[in-house]
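See below for the structure under consideration.
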Amino acid sequence: MSNAVTEVGEFFNAWAIYRKVMANNYMHHEEIYQAVKNLLTEQWATQPFKLLDLGCGDASFIAQALQGRAIQHYTGFDLSAPALALATENIAPLGCRAELINTDFMTGLAQVKERFDIIFTSFALHHLTQPEKAEFFHLAHNALTENGMLLIIDTMREPHETLPVYLDNYCGWISEQWLECEEAFTAIFQHIRNNDLPETASVLSDLAEAADFDLATRVYQLLWHQVLAFRKKTAV
Numbered sequence: 062m063s064n065a066v067t068e069v070g071e072f073f074n075a076w077a078i079y080r081k082v083m084a085n086n087y088m089h090h091e092e093i094y095q096a097v098k099n100l101l102t103e104q105w106a107t108q109p110f111k112l113l114d115l116g117c118g119d120a121s122f123i124a125q126a127l128q129g130r131a132i133q134h135y136t137g138f139d140l141s142a143p144a145l146a147l148a149t150e151n152i153a154p155l156g157c158r159a160e161l162i163n164t165d166f167m168t169g170l171a172q173v174k175e176r177f178d179i180i181f182t183s184f185a186l187h188h189l190t191q192p193e194k195a196e197f198f199h200l201a202h203n204a205l206t207e208n209g210m211l212l213i214i215d216t217m218r219e220p221h222e223t224l225p226v227y228l229d230n231y232c233g234w235i236s237e238q239w240l241e242c243e244e245a246f247t248a249i250f251q252h253i254r255n256n257d258l259p260e261t262a263s264v265l266s267d268l269a270e271a272a273d274f275d276l277a278t279r280v281y282q283l284l285w286h287q288v289l290a291f292r293k294k295t296a297v
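Reminder that position 213 of the sequence shown reads as 274 in my numbering, one-by-one numbering, no gaps.
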């Protein structure tokens, strides 16, 4: 079987789980993206902007949040070609210039030449190690305009929650709440325990400050799911 066929099969297997999570709002995407939409409305009501979406997936939720905004250029990075094909369809109604690029988001971020007003990432950063997260903030800082914003949606540990405790707590919460996904629990828990490395919000803020960002602004929080916004430090 070719790699492309394998990728499509794996994507749609995962996609079935993803659609159930979205349909039941298990990860609070509706509330999270309403908060994102409100933020964009407040700060970019009519001002044109360029947005870089790291790990964009099918871009369905961010496309909805961008409706009515004066976005000039949308760039999305993702490793899944099938997801990017769907993202192309979801971004098209915005009527902006769009580039969907099949690449690892850290590789793409390191190579990007353009400067963006908003760098956005949703539920992707927690897959990086802490040194990789530190590098992420430096790369994001370099890719932002002077008045740009880094906007992060992710799972974050509670202040005194160790990673092993978090993994037990989060998987326990899923087993109690994600009832429509019960047949996929083994795959879900395996993915989480093998791939998830979330930090606390304070650690992310410290890493960002070391990369010359101001302290984080918490835009939204429900349980472990948070939205943080970062601005570059202003010259004194």
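Ideal Cβ positions, reconstructed from N, Cα and C, are used throughout, including at glycine.
What you are looking at is a predicted structure, and each value in this text was computed from that prediction instead of being measured.
Inside the stretch 130–196, DSSP marks whole beta strand (DSSP E) runs of 3 or more residues at positions 132–139, 158–163 and 177–183, from first to last along the chain.
When C-beta atoms of the stretch 125–138 are compared with those of the stretch 187–201, fewer than three pairs fall below 8 Å, so the two segments do not count as touching. Taking a cut-off of 8 Å on C-beta distances, the stretch 90–101 does not touch the stretch 154–170, as fewer than three cross pairs fall below it. A residue is called buried once 16 or more other Cβ atoms fall within 10 Å of its Cβ, and residue 243, having fewer, is exposed. Taking a 10 Å sphere around the C-beta of residue 224, we find fewer than 16 other C-beta atoms and assign the residue as exposed.
Taking the CA atoms as reference points, residue 100 sits about 14 Å from residue 282. Between residue 179 and residue 98, the C-beta gap is not smaller than 9 Å, which leaves the two residues out of contact. The C-alpha of residue 238 is placed about 32 Å away from the C-alpha of residue 113.
Cβ-Cβ separation between residue 185 and residue 228: approximately 18 Å, too far for a contact (criterion under 8 Å).
If you compare the alpha carbons of 261, 233 and 259 with that of residue 249, the shortest gap goes to 233. Residue pairing by DSSP places residue 288 opposite 214 and 281 in a beta bridge. Residue environment for residue 118: buried (at least 16 other C-beta atoms within 10 angstroms of its C-beta). Residue 138 and residue 230 have their C-alpha atoms spaced approximately 31 Å apart. Assigned with DSSP and collapsed to three states, residue 114 falls in strand.
Secondary-structure assignment with DSSP links residue 276 through no beta bridge to anything. Around the beta carbon of residue 151, 16 or more other beta carbons lie within 10 angstroms, which makes this residue buried. Taking the C-beta atoms as reference points, residue 235 is found no nearer than 9 Å to residue 286.
If you look at residue 90, you'll find it in the alpha helix (DSSP H) that goes 90–104. Residue environment for residue 252: exposed (fewer than 16 other C-beta atoms within 10 angstroms of its C-beta). Between residue 170 and residue 199, the alpha-carbon positions lie close to 10 Å from each other. When C-alpha distances from residue 189 are compared across 144, 205, 268 and 203, the shortest belongs to 268.
The alpha-carbon separation between residue 104 and residue 210 amounts to approximately 10 Å.
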